[in-house]
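Presented below is the structure to which this report refers.
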Amino acid sequence: MQDALNAQVLIEGQSSQVYLAMASWAEIQPGIDNVTAFFYRHSDEERMHMLKLIHFINERGGFAVIPPFEQPNLTYPSIHHAFKELLKHEIMVSESINNLVDIALTEKDYATHNFLQWYVAEQIEEEALARVLNDKLELIGDDKGGLYLFDRDVLNVSVASGNPE
Ligand code: FEO
1 MQDALNAQVL
11 IEGQSSQVYL
21 AMASWAEIQP
31 GIDNVTAFFY
41 RHSDEERMHM
51 LKLIHFINER
61 GGFAVIPPFE
71 QPNLTYPSIH
81 HAFKELLKHE
91 IMVSESINNL
101 VDIALTEKDY
111 ATHNFLQWYV
121 AEQIEEEALA
131 RVLNDKLELI
141 GDDKGGLYLF
151 DRDVLNVSVA
161 SGNPE
């Protein structure tokens, strides 16, 4: 279980790097300040997910291993591509969390199983949000007015309604 949790430390940390690279790329594109802020915020959240795992592993008597990270993809042809990649990445993370839940159940590690429920819920939300944003971008296409509104609202899109709060 410890090895599997440490593998998840890497995945969450790598996710933070991937979204940090998206943020840095978005920051030098004109007119998408809120998309930029969205990616920076998402990167911070992934770092928090990593830290939560690190503390859990250490508090349970294990040792959280801080891994090296790969160079993430640095540029994207469009924000549509970046958000598509974000959704793909979150689906991969969800699969990895589900796999951890399987291991916890197989090993009858109920404390870890309980701990992982927070991640299960988080992934449902993150995937749903990524799908809502991708759906919006698909509708917008290359329409500049639509992209302006997307950037204006992106920080306030809620999963439940898919509309700005
Ligand atoms: Fe912590 Fe979005 O995966």
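In this note's numbering, the protein residues as written are 1 to 165. Ideal Cβ placement from N, Cα and C applies to all residues, glycine included.
Counting only the same chain and skipping the five closest in sequence on each side, list residues whose C-beta sits under 7 Å from that of residue i.
{"i": "threonine 75", "result": "Trp25"}
{"i": "glutamate 27", "result": "Thr36"}
{"i": "serine 43", "result": "Ser16, Tyr19, Leu20 and Ala23"}
{"i": "asparagine 134", "result": "Phe83, Lys84 and Leu87"}
{"i": "leucine 147", "result": "Ile140"}
{"i": "valine 159", "result": "Glu125, Ala128, Leu129 and Val132"}
{"i": "glutamate 46", "result": "Glu12, Ser15, Ser16 and Tyr19"}
Tell me which same chain residues have a C-beta within less than 8 Å of the C-beta of residue i, skipping the five on either side of it?
{"i": "alanine 130", "result": "Phe83, Leu86, Leu87 and Glu90"}
{"i": "glutamate 122", "result": "His49"}
{"i": "phenylalanine 63", "result": "Gln2 and Ile57"}
{"i": "histidine 113", "result": "Val101, Ala104 and Leu105"}
{"i": "valine 9", "result": "Met50, Leu53, Ile54, Ile57, Ala64, Val65, Ile66 and Pro67"}
{"i": "phenylalanine 115", "result": "Phe56"}
{"i": "alanine 111", "result": "Arg60"}
{"i": "isoleucine 97", "result": "Gln8, Leu116, Tyr119, Val120 and Gln123"}
{"i": "glutamate 70", "result": "Gln14 and Gln17"}
For residue i, which residues of its own chain have a beta-carbon under 6 Å away from its beta-carbon, when the five flanking residues on both sides are left out?
{"i": "proline 72", "result": "Gln17, Val18 and Ala21"}
{"i": "asparagine 6", "result": "Val65"}
{"i": "valine 154", "result": "Asn34, Val35 and Phe38"}
Go ahead and label residue i buried or exposed: buried means 16 or more other beta carbons lie within 10 angstroms of its beta carbon, across all protein chains shown.
{"i": "aspartate 151", "result": "buried"}
{"i": "leucine 139", "result": "exposed"}
{"i": "leucine 105", "result": "exposed"}
{"i": "alanine 23", "result": "buried"}
{"i": "glutamine 169", "result": "In the structure displayed, the chain extends from 1 to 165; residue 169 sits before or after that span and is not available."}
{"i": "isoleucine 124", "result": "exposed"}
{"i": "glycine 61", "result": "exposed"}
{"i": "glycine 31", "result": "exposed"}
{"i": "glutamate 12", "result": "buried"}
{"i": "tyrosine 119", "result": "buried"}
{"i": "lysine 108", "result": "exposed"}
Checklist line | Sequence ranges, alpha helix (DSSP H) only - wholly within the stretch 15-82, length at least 4 | finding: 33-59
Margin query: Ignoring anything shorter than 4 residues, give me the alpha helix (DSSP H) runs that lie fully in the stretch 93-161, in order along the chain.
Written below: 110-140 and 144-153
Checklist line | Exercise answer, beta-carbon shell around the ligand FEO heavy atoms below 6 Å | finding: Glu12, Ser15, Glu46, His49, Glu90, Val93 and Glu126
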